[in-house]
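Notes follow the structure.
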């Protein structure tokens, strides 16, 4: 197909038809993206999805290990794959 200037080009090369490139800061999707707990404790399951084209390393850090447990605390997620993350809050008042 020819464009307005008359040069040959593939219409799939137009910016409107290219898919948006996933940047490293947008490569990880978390669903749900937040968790809510009360003082009686609870459990929250999350799905981590690697939307990028390279393998991701994930490390979960917790500032209150007396009340919260995260499993797994570290993982690799291959491109296009997903992993489950579990956050458990123990019963008790926060510090």
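Residue numbers (the working numbering): 36 to 130. We put the CB at the ideal spot given by N, CA and C, even for glycine. On a predicted model such as this, the values are computed, not experimentally measured, just so you know.
Item	Value
Span of the beta strand (DSSP E) around residue 28	This structure cannot settle anything about residue 28, because the visible part of the chain is limited to 36 through 130.
CB contact flag (residue 93, residue 82, <7 Å)	no
Whether residue 112 touches residue 73 by CB criterion (7 Å)	no
Coil, strand or helix - residue 56 by DSSP	coil
Separation of residue 119 from residue 71, as counted between CA atoms	18 Å
Sequence-distant residues of the same chain with beta carbon closer than 6 Å to residue 108, five excluded per side	95
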